[in-house]
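To keep things clear, I will list the structure first and then write my remarks on it.
Protein chains: 2
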Amino acid sequence: MGSPSTAARVSTRPHRVASTPATRFDRRLSEILTHATDVFCEKGYEGASMRDLSRASGMSLAGLYYYFESKERLLFLIQKHTFTTIVQRLKARLDGVSDPEQQVRIFILNHLEYFLANQAAMKVLSHEAEALKNGFASELAAIKREYYRICVGLMEELKRERGMQFSTRIAVLSLFGMMNWIYTWHNPRVDADAKQLANEMSDIFLRGVMTSGKGRR
Amino acid sequence: MGSPSTAARVSTRPHRVASTPATRFDRRLSEILTHATDVFCEKGYEGASMRDLSRASGMSLAGLYYYFESKERLLFLIQKHTFTTIVQRLKARLDGVSDPEQQVRIFILNHLEYFLANQAAMKVLSHEAEALKNGFASELAAIKREYYRICVGLMEELKRERGMQFSTRIAVLSLFGMMNWIYTWHNPRVDADAKQLANEMSDIFLRGVMTSGKGRR
DNA sequence: ACTGAGTTCGAACGAACGTTCGAATCAGCG
DNA sequence: CGCTGATTCGAACGTTCGTTCGAACTCAGT
Chain U
-5 MGSPSTAARV
5 STRPHRVAST
15 PATRFDRRLS
25 EILTHATDVF
35 CEKGYEGASM
45 RDLSRASGMS
55 LAGLYYYFES
65 KERLLFLIQK
75 HTFTTIVQRL
85 KARLDGVSDP
95 EQQVRIFILN
105 HLEYFLANQA
115 AMKVLSHEAE
125 ALKNGFASEL
135 AAIKREYYRI
145 CVGLMEELKR
155 ERGMQFSTRI
165 AVLSLFGMMN
175 WIYTWHNPRV
185 DADAKQLANE
195 MSDIFLRGVM
205 TSGKGRR
Chain C
-5 MGSPSTAARV
5 STRPHRVAST
15 PATRFDRRLS
25 EILTHATDVF
35 CEKGYEGASM
45 RDLSRASGMS
55 LAGLYYYFES
65 KERLLFLIQK
75 HTFTTIVQRL
85 KARLDGVSDP
95 EQQVRIFILN
105 HLEYFLANQA
115 AMKVLSHEAE
125 ALKNGFASEL
135 AAIKREYYRI
145 CVGLMEELKR
155 ERGMQFSTRI
165 AVLSLFGMMN
175 WIYTWHNPRV
185 DADAKQLANE
195 MSDIFLRGVM
205 TSGKGRR
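In order, the protein sequences belong to chains U and C. In this text, residue positions in the first sequence follow the working numbering: the first is -5, and each later residue adds one. In this text, residue positions in the second sequence follow the working numbering: the first is -5, and each later residue adds one.
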């Protein structure tokens, strides 16, 4: 309400030729999202001001509001796009693979590859998970739950196949912890690339969770 | 400079009898720290205003500044106290234990027990790790490094004793990820207590890291 | 050259921010 | 009681915050 009819929404207008894959509006918006992601990554959502975002994207303070109606919605757009993309890539990679262990290894590799290739966006996704409110929060929580459910499904399948016993919830959440914590320590000049890290973490996690015996202290 | 000579510092004044373990100043300060910890936990450091802290601690806005000279120093005091305490408890528990696997299990148990018993403080410590600047940041980084080094030491000892091969850095940082991520998911009404969680995570981690074979995919 | 929709901006809004200051209140002791 | 230093507070400081508004610019179609 109170805004121009076509502004501040993702374009639904037809684009005539394939020369430009999206409208000018969408292209400019995603440029802004990219710059905003870097600023949120560096200063945090609350710590970053609209004036910081203006400076980073080279657009005036007022001009930004042509592309989104609030700072909170901007964060939402960043998080939703990032999360949707990683889920979608995962599904494509899992397609056609049936061995449960392979599937879990693919899950970990997909997560870490995307994480390291889009460090800023993934840090914003991990670190600012609680910054959104109400409607924004619940829409994002739905995607998060889907992603979590996929991982739980893979683990349960692996468990059934090999007749193992462990708490799926603790295992999966521990795995997420291992993977997401990366943004606090990964240094591209010191640490290995995503493929090798994924192998190391997969080995630790899978060997840890397999091995039937309860292994009490 | 510009502040009263005794104010805004931890007391070095002698307290005469053992009836009160600290001065009135120190007691009041730690009450404020407790309330501030809850607010920082809920709203984040940047998201929490001094007026929020005033409301939560039942003291006037101006009154707070009698106890610390800036919002940043308040966060520093919280983080330093929390981190110092967990390191100190760890050292006491490790004393006299010589079996490396036992030592690692104790490390994990100590971390998780303290984490769950002081969830708010540990979330502030984990989540607001980048909020401090310059002097404050480096003093805290020193404690963090000491804690990290202790864990690395235990792992190297375990590695030597059993002739294993793995990257200590990746293993230790993965372990920290598993443990610290807890603040994003732990629900006391659903999840087990610290002792059991520590056992489950220890089993996953130790079994994952042991087992000599490289285990390539 | 004119139109009209799409895009950008300078300037300002009221609210909230962290911090300060001087006066008021309190507690303990002569 | 009255004195003294420790503690607390209301009121304000100047700055920065997210957001708004109307005017100006761009540019394809006539």
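Quick reminder that beta carbons are idealized off the backbone N, C-alpha and C, glycines included.
Taking 9 Å as the threshold (beta carbon to beta carbon), is residue i in contact with chain C?
i: V203 of chain U; result: yes
i: I176 of chain U; result: yes
i: R22 of chain U; result: no
i: F77 of chain U; result: no
i: D197 of chain U; result: yes
i: S168 of chain U; result: yes
i: L191 of chain U; result: yes
i: D185 of chain U; result: yes
i: A131 of chain U; result: no
Counting only beta-carbon atoms, is residue i nearer than 9 Å to chain U?
i: H105 of chain C; result: no
i: E194 of chain C; result: yes
i: A114 of chain C; result: no
i: M173 of chain C; result: yes
i: R163 of chain C; result: yes
i: G41 of chain C; result: yes
i: G52 of chain C; result: no
i: L200 of chain C; result: yes
i: F160 of chain C; result: yes
i: D32 of chain C; result: no
i: D46 of chain C; result: no
i: M(-5) of chain C; result: Only weak support exists for where M(-5) of chain C lies, its pLDDT of 35 falling under 50; the coordinates are left without a value.
Assuming contact is defined by CB atoms lying nearer than 9 Å, are residue i and residue j in contact in what I supplied?
i: L148 of chain U; j: Q97 of chain U; result: yes
i: A188 of chain U; j: F70 of chain U; result: no
i: D32 of chain U; j: A114 of chain U; result: yes
i: M173 of chain U; j: I102 of chain U; result: yes
i: L169 of chain C; j: Q73 of chain C; result: no
i: L27 of chain C; j: L68 of chain C; result: yes
i: E66 of chain C; j: A125 of chain C; result: yes
i: G129 of chain C; j: G202 of chain U; result: no
i: E107 of chain U; j: L200 of chain U; result: no
i: L88 of chain U; j: I100 of chain U; result: yes
i: I144 of chain U; j: L84 of chain U; result: yes
Nearest to residue i by alpha carbon, out of the options?
i: T76 of chain U; options: U:S24, U:L200 and U:Q190; result: U:S24
i: Y141 of chain U; options: U:T78, U:L58 and U:I26; result: U:T78
i: H29 of chain C; options: C:Q190, C:I100 and C:L47; result: C:L47
i: R21 of chain U; options: U:S43, U:Y61 and U:A56; result: U:Y61
i: N104 of chain U; options: U:K117, U:H121, U:A86 and U:K127; result: U:A86
i: M116 of chain U; options: U:E150, U:W175, U:S196 and U:V146; result: U:W175
i: E151 of chain U; options: U:A192, U:D93 and U:S43; result: U:D93
i: H121 of chain C; options: C:D197, C:F34 and C:G52; result: C:F34
Taking 8 Å as the threshold, find out whether the region 153 to 172 of chain C comes into contact with the region 145 to 156 of chain U through three or more Cβ pairs. At 8 Å Cβ cutoff, the stretches do not touch.
With a threshold of 8 Å, are at least 3 pairs of Cβ atoms found where one atom belongs to the region 30 to 43 of chain U and the other to the region 31 to 41 of chain C? By the criterion of at least three beta-carbon pairs nearer than 8 Å, the region 30 to 43 of chain U is in contact with the region 31 to 41 of chain C.
The region 174 to 182 of chain C touching the region 181 to 197 of chain U, judged by at least three CB pairs closer than 8 Å: Too few Cβ pairs lie closer than 8 Å, so no.
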